[in-house]
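Asker: Dumping the structure here so I can ask a few things about it.
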Amino acid sequence: MDNIGGLKKGAWSHEEDELLKACINNYGEGKWHLIPQRTGLNRCRKSCRLRWLNYLSPNINRDRFSEDEVDMILRLHKLLGNRWSMIAGRLPGRTANDVKNYWTAHLAKKVVSEKENPKETTMKAHEIIKPKPITLSTHQPWLNLKGKHNVSRSDCDDSETMISNQVGTDCASTSIPNLENSPIPCAAMWSETLWNLEEQLNSEDIGSYSSLLPEEDNFMEFPDVDDSFWDSNLCDLDSLWDL
DNA sequence: AAACACCCCAACCGCAGCTGC
DNA sequence: CGCAGCTGCGGTTGGGGTGTT
Numbered sequence: 001m002d003n004i005g006g007l008k009k010g011a012w013s014h015e016e017d018e019l020l021k022a023c024i025n026n027y028g029e030g031k032w033h034l035i036p037q038r039t040g041l042n043r044c045r046k047s048c049r050l051r052w053l054n055y056l057s058p059n060i061n062r063d064r065f066s067e068d069e070v071d072m073i074l075r076l077h078k079l080l081g082n083r084w085s086m087i088a089g090r091l092p093g094r095t096a097n098d099v100k101n102y103w104t105a106h107l108a109k110k111v112v113s114e115k116e117n118p119k120e121t122t123m124k125a126h127e128i129i130k131p132k133p134i135t136l137s138t139h140q141p142w143l144n145l146k147g148k149h150n151v152s153r154s155d156c157d158d159s160e161t162m163i164s165n166q167v168g169t170d171c172a173s174t175s176i177p178n179l180e181n182s183p184i185p186c187a188a189m190w191s192e193t194l195w196n197l198e199e200q201l202n203s204e205d206i207g208s209y210s211s212l213l214p215e216e217d218n219f220m221e222f223p224d225v226d227d228s229f230w231d232s233n234l235c236d237l238d239s240l241w242d243l
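Numbered according to UniProt numbering, the first sequence spans residues 1 to 243.
Rendered as structure tokens:
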């Protein structure tokens, strides 16, 4: 076991896991830099965070990937490229690392071989969709229960270039929250946007993706609505943008 | 039974974005 | 505005497990 510079590396022991679990049960997730001193663990904060998020968290589904999940991964990867955290956000209980590993181990080769030996498929040639980044300020009411209902858009991309044939320019910021069951309005919007875009990709009449998107502006204001509106999380996309 | 090859997954690393000062 | 610290992400690696020869 490595112990370079005083920090332990490598596989976690059962005792370390228990210490980390106890600490997070006590203090909650976050403040990762405080974990080593709170637990006495000789691990760096990144290692603690990763161990919890990828292995110890009770929300993790450790079952084999179902057919539906695999199908979802394939379709989302076509749309998003290697945005593992966003793909994982559509798969309850799956971590970005799980999805990434599964892709590397099982799907990447399959996709490559299908590209080399294309079969008849209903899917059209596609381009990677780069989602319009939406930044959530920590002052958002759904994060800290005060402040205005605003969501600002970062300006890292031109409005009409939601579509890109490049993968990897990471404009979709980490600020997009987990989409699954999220009460956060922009997450619901993004989720719906994604599926609308995919429907377009699968349709014969592809046309312009930008027609699916709201008029560009650099700042969107969300209206005041009652909680049930966001709770439904299934509201019609157009109605969100029209409000 | 031993040696080797391959697979899979946990963990690490480096980087970019965000936030507070 | 610039800097430093923190967080989260994607890419990559290392090692244990398993299959094959």
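Glycine residues also receive a C-beta, built at the ideal position from the N, C-alpha and C atoms.
For clarity, every value in this text was computed on a predicted model and none was experimentally measured.
Determine the direct distance from the alpha carbon of residue 32 to that of residue 49, and round the result to whole angstroms.
Answerer: Residue numbering aside, residue 49 sits at position 49 when the first sequence is read from its first letter. Residue numbering aside, residue 32 sits at position 32 when the first sequence is read from its first letter. For the pair residue 49 and residue 32, the Cα-to-Cα distance works out to about 6 Å.
Asker: Look up residue 46 in the DSSP assignment and say whether it is helix, strand or coil.
Answerer: The residue given as residue 46 occupies position 46 in the first sequence. Of the three classes helix, strand and coil, the one that applies to residue 46 here is helix, per DSSP.
Asker: Does the region 39-48 come close enough to the region 69-88 to have 3 or more Cβ pairs within less than 8 Å?
Answerer: Judged by Cβ distances under 8 Å, the region 39-48 makes no contact with the region 69-88, as fewer than three pairs qualify.
Asker: Mind pulling the alpha helix (DSSP H) runs of 4 or more residues that sit fully within the UniProt domain "Myb-like" (7-56)?
Answerer: You should have 14-27, 35-39 and 45-51.
Asker: Using only alpha-carbon positions, find the residue among 42, 22 and 26 that is nearest to residue 8.
Answerer: As a first step, residue 8 must be located in the first sequence, where it is residue number 8. Nearest C-alpha to residue 8: 42.
Asker: For residue 89, does the count of other Cβ atoms within 10 angstroms reach 16, so buried, or fall short, so exposed?
Answerer: In the first sequence, the residue the question calls residue 89 occupies position 89. Residue 89 is buried by the Cβ-count criterion.
Asker: Give me the residue from 70, 15 and 97 with the minimum Cα distance to residue 39.
Answerer: Sequence index remark: in the first sequence, residue 39 carries index 39 (1-based). Selection 70, 15 and 97 evaluated against residue 39 yields 15 as nearest (Cα-Cα).
Asker: Is it right to say residue 94 is buried, meaning 16 or more other beta carbons lie within 10 angstroms of its own, or is it exposed?
Answerer: Position 94 of the first sequence, counted from the start, is the residue given in the question as residue 94. With 16 or more Cβ atoms within 10 Å of its Cβ, residue 94 is classed as buried.
Asker: Tell me the rounded alpha-carbon separation between residue 11 and residue 106.
Answerer: On the first sequence, position 11 is the one that residue 11 refers to. On the first sequence, position 106 is the one that residue 106 refers to. Between residue 11 and residue 106, the C-alpha separation is close to 24 Å.
Asker: Where residue 111 and residue 52 are concerned, what is the direct C-alpha to C-alpha distance, given to the nearest angstrom?
Answerer: On the first sequence, residue 111 is found 111 positions in, with the first residue counted as 1. On the first sequence, residue 52 is found 52 positions in, with the first residue counted as 1. Rounded to whole angstroms, residue 111 to residue 52 spans 31 Å at the Cα level.
Asker: State buried or exposed for residue 18, treating a residue as buried only when at least 16 other CB atoms are found within 10 Å of its CB.
Answerer: As a working mapping, residue 18 is identified with position 18 in the first sequence. Looking at its Cβ environment, which holds fewer than 16 other Cβ atoms inside 10 Å, residue 18 is exposed.
Asker: Taking the alpha-carbon of residue 65 as reference, which of 56, 34, 99 and 23 has the nearest alpha-carbon?
Answerer: The residue you call residue 65 lines up with position 65 of the first sequence. Nearest in C-alpha terms to residue 65, of all of 56, 34, 99 and 23, is 99.
Asker: At what residue ranges does the UniProt domain "HTH myb-type" (61-111) contain a whole run of the alpha helix (DSSP H), taking only runs of 4 or more?
Answerer: Correct list: 67-80, 84-89 and 96-102.
Asker: Excluding the 5 residues flanking residue 24 on each side, which residues of the same chain have their C-beta closer than 7 Å to its C-beta?
Answerer: Counting from 1 along the first sequence, the entry for residue 24 is found at position 24. If we look at residue 24 and ignore the five residues flanking it on each side, its Cβ neighbours are 52.
Asker: Using the C-alpha atoms, what's the distance from residue 36 back to residue 91?
Answerer: Taking the first sequence and counting its residues from 1, the one referred to as residue 91 is at position 91. Taking the first sequence and counting its residues from 1, the one referred to as residue 36 is at position 36. Answer to the nearest angstrom: the Cα atoms are 30 Å apart.
Asker: Can you find the residues in the same chain that come closer than 7 Å, C-beta to C-beta, to residue 27, ignoring five residues on each side of it along the sequence?
Answerer: To locate residue 27, count along the first sequence from 1; it is residue 27. Cβ neighbours of residue 27 beyond the five flanking positions: 38.
Asker: Buried or exposed: where does residue 83 fall if 16 or more other Cβ atoms within 10 Å of its Cβ makes it buried?
Answerer: Residue mapping note: residue 83 aligns to position 83 of the first sequence, counting from 1. Under this definition residue 83 is a buried residue.
Asker: Taking the Cβ atom as the reference point for each residue, do residue 56 and residue 20 lie within a distance shorter than 9 Å?
Answerer: What you label residue 56 is simply residue 56 of the first sequence in a count that begins at 1. What you label residue 20 is simply residue 20 of the first sequence in a count that begins at 1. Yes, these two residues count as a Cβ contact at 9 Å.
Asker: Taking just the CA atoms, how far does residue 54 sit from residue 13?
Answerer: As a working note, residue 13 is residue 13 in the first sequence. As a working note, residue 54 is residue 54 in the first sequence. So the two alpha carbons sit approximately 15 Å from each other.
Asker: Restricting to Cα atoms, I'd like to know which of 29, 108, 102 and 104 is closest to residue 59.
Answerer: The residue you call residue 59 lines up with position 59 of the first sequence. Of the candidates 29, 108, 102 and 104, the one whose C-alpha sits nearest the C-alpha of residue 59 is 29.
Asker: Give me, in chain order, the residues of the same chain whose beta-carbon lies closer than 7 Å to that of residue 97; leave out the 5 immediate sequence neighbours on both sides.
Answerer: For this step, residue 97 is matched to residue 97 along the first sequence. Excluding sequence positions up to five before and after residue 97, its CB lies within less than 7 Å of the CB of 54, all in the same chain and listed in chain order.
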